[in-house]
Every structure is written in structure tokens, then in C-alpha cells.
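Colleague: The sequence shown begins at 0 in numbering that gives the first Met the number 0 and counts up one residue at a time. Note that CB positions come from ideal geometry on N, CA and C, so glycine has one too. Sending over a structure as C-alpha cells; questions will come in a sec.
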Amino acid sequence: MGLALYLSIVGVGSFLSGFLISMIENITGKDGHESWFCDNINKAHLDYFYLLLAGLSVLGFTLFIYFSKSYVYNRKGIIIE
């Protein structure tokens with residue numbers, strides 16, 4: 000069961016990663032411009048991609064902190080008003 004859940008998470012992560020890369024490729028490659036993932040490494044902007052990943056990680060961490068701080072633990076049988 001644990002292995003199935005682990006492989007499901009890896010599969011969903013790979014799907015989301017591919018979706019993110021294809022979206023960035025389509026958005027940044029419009030109007031004849033070279034995308035962030037062009038074949039020429041000197042013209043590619045992988046630094047922008049890693050900056051985007053860092054920003055998404057900070058956003059996820061911020062949401063985690065917000066939701067973990069706002070969580071209220073209730074024991075069964077005790078009603079808090």
C-alpha cells in the first residue's frame with residue numbers, strides 16, 4: 000500500500016512537472032522569441048526557471064505556515080465554544 004501511494008505521488012509530480020514545463024515553453028516561446036528552454040544553452044534562461052521554482056516553493060511554504068498556524072485541534076467529546 001505504501002509503495003502504491005509513493006509511486007502515485009511520483010507519477011502525479013512528474014505529470015505536474017511536465018505540464019509546468021510545457022506551459023512555460025508555450026508562454027515564453029510566443030511571437031518568435033526563444034523560450035527559456037531553447038537548444039542553445041547560451042540563449043536559454045534556466046535561471047528564470049529555477050527562480051520560478053524557488054518562488055513556488057516559497058509560496059507553498061507560506062501557505063503551509065498559514066494553514067498550520069490556523070489549525071485548531073479538537074479532542075473528541077469536548078466541545079469548545
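With respect to the alpha helix (DSSP H) encompassing D46, which residues constitute its N-terminal and C-terminal limits?
Modeller: Its alpha helix (DSSP H) spans residues L45 to S69.
Colleague: Please state whether DSSP places K29 in a helix, a strand or coil.
Modeller: K29 falls in the helix class under three-state DSSP.
Colleague: Distance check for K75 and I40, CA to CA, integer angstroms please.
Modeller: Near 58 angstroms, if we compare the C-alpha coordinates of K75 and I40.
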